[in-house]
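Counting from 1, position 425 in the sequence shown corresponds to residue 425 in full-length UniProt numbering; the numbering is continuous, with no gaps. Data first, discussion second: the structure below is written as structure tokens.
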Amino acid sequence: MIVLQVNQLYKSYIADEILSGVKLEVQHRDRVALVGRNGTGKSTLLKIIAGQLSYDSGDIIMPKDIKLGYLDQHAGLESNLSVWEEMMTIFEPVKQLEQQLRKLEADMANPVIHDDPELYQKIMTEYDQLQHDFKERGGYQYEADTRSVLHGMQFYPDSYEQSITSLSGGQRTRLALAKLLLKKPELLILDEPTNHLDIETLNWLENYLKNYDGAILIVSHDRYFLDQVVSIVYEVSRQHVTKFTGNYSAYLDEKAKTYERDMKQFEKQMDEKEKLEIFVQKNLARASTTKMAQSRRRVLEKTNWMDSPDGDEKSAIFNFEIDKQSGNDVLSLDDLTIGYQNTPISSHINIRLYRQDRTALVGPNGVGKSTLLKTIIKELPPLAGDIRYGTNTKIGYYDQELAKLSSNRSVLRELWDEWPMMNEKDVRSVLGRFLFSGEDADKIVHDLSGGEKARLTLAKLMLEKNNVLVLDEPTNHLDLDSKEVLENALIGYPGTLLFVSHDRYFINRISTKVVELSNDGSFEYLGDYDYYLEKKEELAEIAAEKAALAAPKKMVEIKKVHHNAIDKEAKKKERKIQRRIEELEGEISTISTTIDNFESDLCDPAIFSHHEKATALQNALDDAKEQLELLEMEWMELNEELETL
1 MIVLQVNQLY KSYIADEILS GVKLEVQHRD RVALVGRNGT GKSTLLKIIA GQLSYDSGDI
61 IMPKDIKLGY LDQHAGLESN LSVWEEMMTI FEPVKQLEQQ LRKLEADMAN PVIHDDPELY
121 QKIMTEYDQL QHDFKERGGY QYEADTRSVL HGMQFYPDSY EQSITSLSGG QRTRLALAKL
181 LLKKPELLIL DEPTNHLDIE TLNWLENYLK NYDGAILIVS HDRYFLDQVV SIVYEVSRQH
241 VTKFTGNYSA YLDEKAKTYE RDMKQFEKQM DEKEKLEIFV QKNLARASTT KMAQSRRRVL
301 EKTNWMDSPD GDEKSAIFNF EIDKQSGNDV LSLDDLTIGY QNTPISSHIN IRLYRQDRTA
361 LVGPNGVGKS TLLKTIIKEL PPLAGDIRYG TNTKIGYYDQ ELAKLSSNRS VLRELWDEWP
421 MMNEKDVRSV LGRFLFSGED ADKIVHDLSG GEKARLTLAK LMLEKNNVLV LDEPTNHLDL
481 DSKEVLENAL IGYPGTLLFV SHDRYFINRI STKVVELSND GSFEYLGDYD YYLEKKEELA
541 EIAAEKAALA APKKMVEIKK VHHNAIDKEA KKKERKIQRR IEELEGEIST ISTTIDNFES
601 DLCDPAIFSH HEKATALQNA LDDAKEQLEL LEMEWMELNE ELETL
């Protein structure tokens, strides 16, 4: 069933065309991604579909009974209620049904109504229908569903009574997402839902969306997330939308093939166009060839020539260099405790960084990853432990909040004031490499978007030529193209990297080590993110096996304590069983010898040729074997009983 159709949609802002002739289709249980660079119109298209923005022309078709849910990338829940109370507002209709059921139950228990069969039957019929409706609308599980989603979004029972006004911005964003998921709309529209989510929550959200009983339309710059969740990709580029089937990786492969094919066709057309133009230029003035030249000129004018596959979209071009190489030992953290104003967040942190390490720092939100980075760059003092810096260490820091970029200077002055010895041409050249060309260099820093501030910060880092880069969520504000450029720059960087990121694709491409931070220490994994997951699962399995092996030992120890306090009668029983086992072992040995002798005698020709003797001996052998079987069974039972004492 089709839940959404967009046909020939156009949208302009004054003279700038944003979307042109957009066609898009979403069917029930489709998982669709919108991808493209920042500023191409992805969020605009989502807002138009959600009814929050007008459009110039075109059609948006949805069935009347389809419920749509939309989460803006900057959404944060605003409410004076507690966390639990706010979630329960979703289920007011269900709770009203529940109240009606309780009232009908009270009516059915009323003796007066029992005496009126017709009225009683009417109430019973109404009760059955309400009960069916209550069940269909999740009446028996809405509280369990709420607890499950809140847990997935890292809201635990001790926070249910917390006022929403006291939550941080990131927490309110997660709560807005939790509320939308609990509403279960048939079409779920999410604009950057992975912002403010740590890796554990991202994994939960991926699994939830995979099993979601509805259609999903997502804008996200998290490539790992898109690979896990979506099966259709629409690329927004140069005002148009192009459909690709498959996840994000499949889209990249198909796009590369399409680009190669289109480039060959474009080059062929440009060759034909050039030949026609040369012919017209050379032959238009000649009387003998004027008609042919005019004919070719008409072909030139009427032909719908292809646009270049490269278009006018530019990518940032930069790389990180170093002034001076550091020593081999770059950074040592020994039993470090971090926190704010003598309030510890994490302790017993032990990390070693060596030259050209690429170390990713991972862990849940609130565990102190950003605090640790700020402690390393000396913005915060350590609460305990030691930090030792290697020889010639020069550290550059990228702040995820981009807090230092809030001046009223232009982008040009922001960079030039910090490197006053550079001439204006060189400063503009650097800015151009980070997509600040022409009038963009005159923008006020305070007014820049998150992506623009991120690029300006990276431009500063490039000029500093540090031999150690400490990066806190460097991909947060970057589009997919800019992320790839940054990854390539960091892969070629000859210095040392320590970075925090929730972008698992980014971690996989960059890291050679992963350090997991917890409140009570750190643990190092020598590999990328996939290796970290694999090794962590392996260690969890080993721990579970050890626990399983330790459990019987623990039981034995408990039993020993119990036996020390047991009465003499129990000990006497144990000794009696042990003596009987020893007796049985003697009897079993004797009767086994007897059986061997009987079997040997039966092989004697003098006996097996004598029918009566052979029959008597066979009967004796059968009796001995039967007796042996009974003795062995008793021996086994006594041993089992002894083990349980």
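Every residue gets a Cβ at the ideal spot worked out from N, C-alpha and C, and that includes glycine.
Its chain contains 334 as the residues whose beta carbon lies nearer than 6 Å to that of residue 386, once the 5 sequence neighbours on both sides are disregarded; these appear in chain order. For residue 343, the enclosing beta strand (DSSP E) begins and ends at 343–354.
A straight line joining the alpha-carbon of residue 159 with that of residue 535 spans about 32 Å. Taken in chain order, the whole alpha helix (DSSP H) runs of length 4 or more contained in the segment 417–499 are 424–433, 450–464, 480–491. Under the Cβ criterion (8 Å, minimum of three pairs), the segment 287–302 does not count as touching the segment 318–331. In the DSSP assignment, residue 386 is bridged to 334. DSSP places residue 189 in the strand class (E or B) of the three-state scheme.
Note that the segment 175–185 does not touch the segment 364–376; fewer than 3 beta-carbon pairs, one per stretch, sit closer than 8 Å.
Rounded to the nearest angstrom, the gap between the Cα atoms of residue 487 and residue 277 is 43 Å. At a cut-off of 4 residues, the continuous stretches assigned as alpha helix (DSSP H) that sit fully inside the segment 225–299 are 248–283.
Where residue 129 is concerned, the enclosing alpha helix (DSSP H) starts and stops at 117–136. Rounded to whole angstroms, the gap between the alpha carbons of residue 20 and residue 11 is 7 Å. When DSSP states are grouped into helix, strand and coil, residue 308 belongs to the coil group. When the Cα atoms are used, residue 317 and residue 511 turn out to be separated by approximately 22 Å.
Note: residue 11 is bridge-paired with 19 in the DSSP secondary-structure output. The continuous beta strand (DSSP E) containing residue 513 extends over residues 513–518.
Sequence-distant partners of residue 53 (beyond 5 residues in either direction) whose C-beta falls short of 7 Å from its own C-beta, in its chain, are 44, 47.
When 122, 344, 79 are compared, the shortest CA-CA separation from residue 519 is found for 344. The beta carbons of residue 528 and residue 500 sit no closer together than 8 Å. Fewer than three beta-carbon pairs drawn from the segment 94–104 and the segment 74–84 are found closer than 8 Å, and the two stretches are therefore not classed as touching.
In this model, residue 494 and residue 59 are separated by some 53 Å (Cα to Cα).
Separation of residue 390 and residue 331 (C-alpha to C-alpha, rounded to the nearest whole angstrom) is 6 Å.
Per DSSP, the continuous alpha helix (DSSP H) segment holding residue 148 begins and ends at 142–152. Residue 584 and residue 618 have their C-alpha atoms roughly 24 Å apart.
Pairing residue 193 with residue 284 gives a Cβ-Cβ distance that is not under 8 Å. Rounded to the nearest whole angstrom, the C-alpha separation of residue 57 and residue 49 is 13 Å. DSSP, read as helix, strand or coil, puts residue 166 in helix.
Under the DSSP assignment, residue 506 falls outside any beta strand (DSSP E), being part of the alpha helix (DSSP H) whose first and last residues are 504–510.
About 7 Å separates the CB atoms of residue 217 and residue 187; that is less than 8 Å, so the two are in contact.
In this structure, the straight-line span from the alpha carbon of residue 29 to that of residue 231 is close to 10 Å.
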